[in-house]
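Here the protein sequences line up with chains A and B, keeping their order. Using the numbering used here, read the first sequence as starting at 527 and increasing by one per residue. Using the numbering used here, read the second sequence as starting at 101 and increasing by one per residue. Contents: one structure, followed by commentary.
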Amino acid sequence: MKAQRSVHRLLSQAFPVVIVAAIAITVWQVVVALGEIEPILLPSPFQVANAVKQHNEALQRGFFITATTALTGLTLSVIIGGLTAVLFSQARLLRSALYPYAIFLQTVPIVAIAPLLITWSGYQQRTVILVAMIISLFPIVSNVTEGLTTLDVNLRDMFRLYGATRWSLLLKLRIPSAVRGLVQGIRISSGLAVIGAIVGEFFVGNGSSYDGLGTLMTGWQAQQKTAALIAAVLASTLLGVLMFWMVNLLAATVLSKWLPKNVC
Amino acid sequence: MHGPNGELIRINCHDLNVQFADGSVGVSELTTEFQPGEITAIIGPSGCGKSTLLRAIAGLIPESSGQVAFAPLQCSSASFSSGSTSSGSCSSGSFSSGPFPAQRGDLAFVFQDAALVPWRTARENVQLPLELTNSHSVSEYRDAVTRQLRAVELSVDQDDKQPMQLSGGMRMRVSIARALVTEPAVLLLDEPFAALDEMLRTRLGELLVALWQQRQCTVLFVTHNIAEAILLSHRLVILSAGKLCAELTNPLPFPRSASLRTEPQFAQFYAELAAKLVEVSA
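Put into structure tokens, the structure is as follows:
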């Protein structure tokens, strides 16, 4: 019942978004028709729709590959970032020593290190997953660390009074308290993982057997297939939105128990 | 609700000083004794160190100097009559300034804001101390928790609700049930009813006295409400600027109820206490 309500709420939130998209497509079509713009610069929505139809198989395959890559990268960043945050919460010295490097990782432009990663890992999906993982790691580490270390003072005191072990405190208070931070982190990272996957695919390129949306974009841009290129851009946008919705769905269903309002 | 070996606990504060990192004084040169099996109200103006004293006794704040010591009072079976303590056949054990409680769960604390774990249901919140202290087997959890939930007059349909689904009064009932579930020898309450309306705080005050009458333990109750302090306590301790200013014995007999407010004796003691507080504040 609660899950049904959550799904219903998500659908009602999506409705205005769909309306805005319909208006944007109409304006786009009118601008292209009245402005007599060359299709190579800006094709009409119908031409893009035709490109979708024409390259349907490649787009579907690319969407699936990029989605798999981004999701794998995101999952790895949740596992590695979550475990790192748990370590940070348990050892203040470790946190002081390593947290600045986590921030450093965030400030390094992913475009700058992608070629280096290809040198180390090769022209393959593994490299793209690595890019997606690295770019989406920091929000998980920072948000989960914050959640694990910022406890309600009274609750922490109560656990102390009952002689809670470090393990009990971690399992019964710290980790459940960090679920909110985890969800916030995944929300940010879900979009970043898609960006990381696409950027990684730009670099992995057509030379390999790997053909995600980013690889398709590079190829179609070179062939001046602008309509197909826009179709791939829209597919990657759709992927980003779907990932974000999946996180919200996860928060509203599986994780909802640990996300009540702050009344205690 | 007695100590680990069934005894009551006497609390002794000797020349207790608590100073914070910023240099401000929480408690200053405080020496007093909290009698076993009695309810002591700690009263005084805001910021006078009431909560700090309570937290120092609980071991949540380290004392800068002085000490808090706990001594068990060994009693024969019928030593404590309902509502009044008699040490006729009791003998006081030696004070120990070591970590208390000796057994986890012997000391319980009720916080001002209920401090319930927001993702746990009412039942799971009450069960938490048992999980942390491992004092009961899993099969025993259910009975002990149910008993406490009913004792604080929560209906069965509230058991599986999360704190956000409960009213302020219900949340405080859960908090009291959680504190009592380990049957502590010492119960510390830090302005537990401050956020509740007058009717509810009167009702919960009566409930607290009723629960204490069923299973006596040493209770320290911080409040800034004079009527509440009189209705609930055997003894009153008045603090000002971290110092102990006065100790008064409550002349009103047990059992207590809100109807006592209309008694001349209540009004007389209320006036005496109010005058003392004004004197202390000045």
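We treat Cβ as the ideally placed atom computed from N, Cα and C, and that holds for glycine.
Can you tell me which residues form a DSSP beta bridge with residue i?
i	result
Asp290/B	Val322/B
Ser340/B	Lys343/B
Ala141/B	Phe321/B, Leu336/B
Val118/B	Val127/B
Gln99/B	This structure gives no information on residue 99/B, because the portion of chain B shown stretches from 101 to 382.
Val210/B	Leu289/B
Pro172/B	Ile109/B
Thr595/A	In the DSSP output, where bridge partners are listed per residue, Thr595/A has none listed.
Val216/B	Val is not the amino acid found at residue 216/B; the sequence shown has Leu there. Answer is none; Leu216/B lacks a bridge partner.
Glu133/B	Asn112/B
Leu304/B	Partner(s): none; Leu304/B has no beta bridge.
Leu331/B	According to DSSP, Leu331/B bridges with nothing at all.
Leu348/B	Leu336/B
Check the C-beta distance from residue i over to residue j and give it rounded, since I have them as a contact under 8 Å.
i	j	result
Gln632/A	Phe664/A	4 Å
Ala214/B	Ser275/B	4 Å
Gly738/A	Ala640/A	In fact, because the Cβ distance is near 14 Å, the residues do not count as touching under 8 Å.
Ser662/A	Gly588/A	At roughly 20 Å, the Cβ-Cβ gap does not stay under 8 Å, so Ser662/A and Gly588/A are not in contact.
Leu339/B	Ile142/B	6 Å
Thr752/A	Pro569/A	6 Å
Ala778/A	Leu537/A	The Cβ separation is near 12 Å, so there is no contact.
Leu336/B	Pro263/B	Incorrect: roughly 32 Å between the Cβ atoms, too far for contact.
Val578/A	Ala757/A	5 Å
Sorted by chain position, which residues of the same chain lie with C-beta nearer than 7 Å to residue i's C-beta, five sequence neighbours on each side aside?
i	result
Glu306/B	Ser357, Ala358
Trp312/B	Ile139, Val319
Ala584/A	Leu742
Ser647/A	Thr653, Leu656
Pro229/B	Gly205, Arg278, Val281, Thr282
Gln747/A	Leu755
Leu697/A	none
Ser184/B	Any reading at Ser184/B must be qualified, since the residue scores a pLDDT of 39, below 50, and its modelled position is unreliable; no value is offered.
How would you label residue i, buried or exposed, when you count the other beta carbons within 10 angstroms and need 16 or more for buried?
i	result
Ile712/A	buried
Ala691/A	Correcting the residue type first, residue 691/A is Thr in the shown sequence and not Ala. Looking at its Cβ environment, which holds fewer than 16 other Cβ atoms inside 10 Å, Thr691/A is exposed.
Thr610/A	buried
Ala244/B	buried
Pro565/A	exposed
Ser715/A	buried
Met270/B	buried
Thr221/B	buried
Glu163/B	buried
Thr552/A	exposed
Phe590/A	exposed
Leu567/A	exposed
Ile605/A	exposed
Leu681/A	buried
Val492/A	A query on residue 492/A cannot be resolved here, the shown segment of chain A reaching from 527 to 790 and no further.
Thr233/B	buried
Gln651/A	buried
If I measure Cβ to Cβ from residue i and keep anything under 6 Å in the same chain, skipping five residues before and after, which residues do I get?
i	result
Ala596/A	Ala658, Ala719, Val720, Ala723
Leu331/B	Gly305, Arg356
Glu328/B	Gly305
Gln710/A	Asn669
Cys250/B	This sequence places Arg at residue 250/B; Cys is not what is there. Excluding residues within five positions, none has a Cβ falling inside 6 Å.
His581/A	Ala754
Gly717/A	Gly766
Ala704/A	Val670, Gly673, Leu674
In chain order, what residues of the same chain lie with their CB nearer than 8 Å to the CB of residue i, ignoring the 5 residues before and after it?
i	result
Gly126/B	Val118, Gln119, Phe120, Gly149, Thr152, Leu153, Ala156, Ile161, Gly342
Gly731/A	Tyr649, Thr741, Thr744
Ala158/B	Leu207, Phe209, Leu288
Gly608/A	Ile666, Val670, Leu708
Phe211/B	Ser275, Asp290, Pro292
Arg706/A	Gly673, Trp784, Leu785
His324/B	Ile143, Gly144, Pro145, Ser146, Lys150, Glu291, Ala294
Leu775/A	Ser532, Val533, Leu536
Asp260/B	Thr221, Ala222, Arg223
Between the region 553-569 of chain A and chain B, which residues of the former have a C-beta closer than 8 Å to a C-beta of the latter? none
Against chain B: residues of the region 630-655 of chain A by CB proximity under 7 Å: none
Between the region 255-268 of chain B and chain A, which residues of the former have CB atoms less than 7 Å from a CB of the latter, in chain order? Gln262, Pro263, Met264
Where the region 204-223 of chain B meets chain A: residues whose CB sits under 9 Å from a CB there: Per Cβ criterion, the list reads Arg204, Gly205, Leu207, Ala208, Phe209, Phe211, Gln212, Asp213, Ala214, Ala215, Leu216, Val217, Pro218, Trp219, Arg220.
Quick one: which residues of the region 128-158 of chain B get their C-beta closer than 9 Å to a C-beta of chain A? List them in chain order. Across the region 128-158 of chain B, CB contacts with chain A closer than 9 Å involve Arg155, Ala158, in sequence order along the chain.
What residues in the region 232-247 of chain B have a beta carbon less than 7 Å from any beta carbon of chain A? Leu232, Thr233
Within 8 Å of chain B by C-beta, residues of the region 680-697 of chain A in sequence order: Asn680, Leu681, Asp683, Met684, Phe685, Arg686, Leu687, Tyr688, Gly689, Ala690, Ser694
Taking a Cβ distance cut-off of 7 Å, strictly less, list which residues of the region 288-301 of chain B are near chain A, in chain order. Within the region 288-301 of chain B, no residue qualifies.
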